[in-house]
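K.L.:
Going down the list, the sequences are from chains F and U. The opening position of the first sequence corresponds to residue 46 in our numbering, with each subsequent residue numbered one higher. The opening position of the second sequence corresponds to residue -13 in our numbering, with each subsequent residue numbered one higher. Every residue, glycine too, gets a C-beta built ideally from N, C-alpha and C. Next up is a structure, given as structure tokens.
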Amino acid sequence: GAVVSQHPSWVICKSGTSVKIECRSLDFQATTMFWYRQFPKQSLMLMATSNEGSKATYEQGVEKDKFLINHASLTLSTLTVTSAHPEDSSFYICSARPLGGGGTEAFFGQGTRLTVV
Amino acid sequence: DAKTTQPPSMDCAEGRAANLPCNHSTISGNEYVYWYRQIHSQGPQYIIHGLKNNETNEMASLIITEDRKSSTLILPHATLRDTAVYYCIVREDNNDMRFGAGTRLTVKP
């Protein structure tokens, strides 16, 4: 199957600093990428939809100025958590959907565990 | 706002078939049924998807009822490595993928 790579796999940062997470589709092009957040023992919650070359669409309750998303190419999207605080500690997961229709499945990265201390 | 209902947990004996049900009574004609699973601290893994017909691949089989209001994911010979949370998702072709609570499957020796 198609491969989506996230980097880093885990990161620890100090409160008030910013952290950038990369999501790459390694063997396919993706016009749309999705960012999710998952707290312990909970399901994945969609944060935003990222379209190549345009602004991301954020879900209700997700601060667009805090979670900056850039999708500059068909194979790369980045999520920057700005001025991170301990409550932002979570498991962040991206997914990418290959070009094409007919019920195309989305592929997920391995996730990034963010710990803010 | 997931459109699916799944039992919160299920157990299965190793080597036996695991049958995971999913209700999606409000599914529309152009929505697909997708199944993913998530092993602890990993990203979700695609399993299978279908629209109307039953589907089978190397991982599992997907049985969709004729009225499409429910489906069953079948793992024919469950192993301990199949222990995971299984998510049933319905979505239109180019829409985003939203997760419900899923079913925590525990395969026991």
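(1) Residues of chain C with CB under 8 Å from residue 53 of chain U, in chain order?
(2) Grab me the residues of residue 103 of chain F's own chain with a C-beta within less than 6 Å of its C-beta, minus the 5 sequence neighbours each way, in chain order.
(3) Using a Cβ-Cβ distance under 8 Å, would residue 156 of chain F count as near chain U?
(4) Taking residue 71 of chain F as the reference, which of F:56, F:156, F:121, F:125 has the closest Cα?
(5) Below 8 Å on the Cβ atoms is my contact criterion, and I expect residue 157 of chain F with residue 51 of chain F to pass it. Report the Cβ-Cβ distance as a whole number of Å.
(6) Does chain F have any CB closer than 8 Å to the CB of residue 15 of chain U?
(7) Residue 73 of chain F touches chain U at which residues, Cβ-Cβ below 8 Å?
(8) Opposite residue 186 of chain F in the DSSP bridges: which residues?
(9) Restricting to runs no shorter than 3 residues, where is the beta strand (DSSP E) found entirely within the segment 15 to 75 of chain U?
(10) Is the CB-CB distance between residue -8 of chain U and residue 86 of chain U below 8 Å?
(11) Alpha carbons only, please: which of U:46, U:14, U:-3, U:22 is nearest the one belonging to residue 31 of chain U?
(12) Return yes when the Cβ of residue 160 of chain F is within less than 8 Å of the Cβ of residue 57 of chain F, no when it is not.
(13) With a threshold of 6 Å on Cβ separation, who are the neighbours of residue 18 of chain U within its own chain once the five nearest residues in sequence on each side are excluded?
(14) Out of curiosity, what's the CA-to-CA distance linking residue 7 of chain U and residue 59 of chain U?
(15) Determine the direct distance from the alpha carbon of residue 81 of chain F to that of residue 131 of chain F, and round the result to whole angstroms.
(16) Using CA atoms only, rank isn't needed, just tell me which of U:12, U:94, U:75, U:91 is closest to residue 89 of chain F.
(17) Helix, strand or coil for residue 0 of chain U, going by three-state DSSP, please let me know.
(18) Where does residue 143 of chain F sit, in a helix, a strand or coil, going by DSSP?
P.N.:
Quick look at the numbers:
(1) Absent from the structure: chain C. Protein chains present are F and U.
(2) 93, 109
(3) yes
(4) F:121
(5) 5 Å
(6) no
(7) Ordered by position in chain U, no residue passes the 8 Å Cβ test against residue 73 of chain F, which lies about 13 Å from the chain.
(8) Look at the range of chain F in this structure, 46 to 162, and you will see that residue 186 of chain F is not part of it.
(9) 17 to 24, 31 to 36, 47 to 50, 56 to 61
(10) yes
(11) U:22
(12) yes
(13) 35, 37
(14) 6 Å
(15) 18 Å
(16) U:75
(17) coil
(18) coil
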